[in-house]
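Q:
In my numbering, the protein residues as written are 14 to 263.
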């Protein structure tokens with residue numbers, strides 16, 4: 014990733030309007046499982062004719078900056094040599110780094126429609142088989158927790174670089190953490206759970222992850238899991254870990 018990469022504070026990112034987004038989703042579906050190509054002239058057209066920007070102040074990003082973001086993501090795909098996990102980690106870091114000064118913009122679903130469908134349609138259509146309508150609904154609609162790119166950014170935003178750069182968590186761990194609101198919407202809880210999972214290595218890791226989340230959900234209905242009280246949260250985490258180690262089938 015280039016030095017100094019990232020959008021400046023006050024920058025507004027384009028929102029892709031629904032008709033244009035739906036047209037590109039349809040094109041991706043017709044081409045699948047083959048990826049679609051990238052057309053810079055179409056990107057320019059989308060930016061000028063099919064993007065919506067709120068009247069809240071700030072300046073719309075210049076296309077050159079968007080192309081720099083694209084270049085970083087394309088480079089991550091090339092250097093991953095077909096390793097999807099490696100690409101996901103690198104792409105998440107890139108998106109998180111670019112979004113540091115404008116996190117609110119990256120919380121807008123239509124911004125993700127523009128990034129995924131306008132800026133890097135070739136990358137997103139090569140990451141998953143998007144032949145089925147359900148896969149496109151999950152992966153290509155901004156705001157979906159399974160969105161091909163937004164989910165990667167959220168991992169870095171919620172868990173933070175200290176956890177992510179360890180590269181210990183696997184896809185099952187991310188699914189367990191981000192499919193449930195208790196952890197996906199509460200960074201301190203998510204980070205505490207992630208650290209517990211990272212300490213548990215070996216072939217039983219998957220079963221441990223599932224058991225941990227099951228215990229956490231059950232406890233959340235009995236006691237308040239307070240992410241504003243680190244000591245209380247630590248006690249909950251240690252209690253769950255101890256319970257699972259004493260009875261792995263619990």
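Note that beta-carbon positions come from the ideal geometry of N, C-alpha and C, so glycine has one too. It should be emphasised that the depicted structure is a prediction, and the values quoted were computed from it without experimental measurement.
(1) Less than 8 Å between the CB atoms is what I'm expecting for residue 253 and residue 221, so what's the real figure, rounded?
(2) With C-beta atoms as the reference, is residue 140 less than 9 Å away from residue 161?
(3) Taking Cβ positions, are residue 131 and residue 60 nearer each other than 9 Å?
(4) Can you confirm whether the region 19–35 touches the region 54–73 when touching is taken to mean that 3 or more C-beta pairs between the two stretches lie within less than 8 Å?
(5) Less than 9 Å separating the beta-carbons of residue 170 and residue 200?
(6) Do you know how far the Cα of residue 133 is from the Cα of residue 198?
(7) Short of 6 Å in beta carbon distance, which residues of its chain neighbour residue 189, apart from the five on each side in sequence? Order them along the chain.
(8) Given residue 202, which residues of its chain have a CB within under 7 Å of its CB, disregarding the five upstream and five downstream residues?
(9) Using a Cβ-Cβ cut-off of 6 Å (strictly less than) and excluding sequence neighbours within five positions of residue 137, which residues of its own chain qualify?
(10) Quick one: what does DSSP say residue 64 is sitting in, helix, strand or coil?
(11) Between the alpha carbons of residue 91 and residue 85, how many angstroms are there, rounded?
(12) In angstroms, rounded to a whole number, what distance separates the CA positions of residue 34 and residue 248?
A: The structure says:
(1) Going by Cβ atoms, the distance from residue 253 to residue 221 rounds to 10 Å, so no, they are not a contact pair.
(2) Yes; because the gap between Cβ atoms is below 9 Å, this pair is in contact.
(3) yes
(4) Contact between the region 54–73 and the region 19–35 is present, because at least three Cβ pairs lie under 8 Å.
(5) yes
(6) 27 Å
(7) 222, 226
(8) 195, 196, 238, 240, 246
(9) 129, 161
(10) strand
(11) 10 Å
(12) 46 Å
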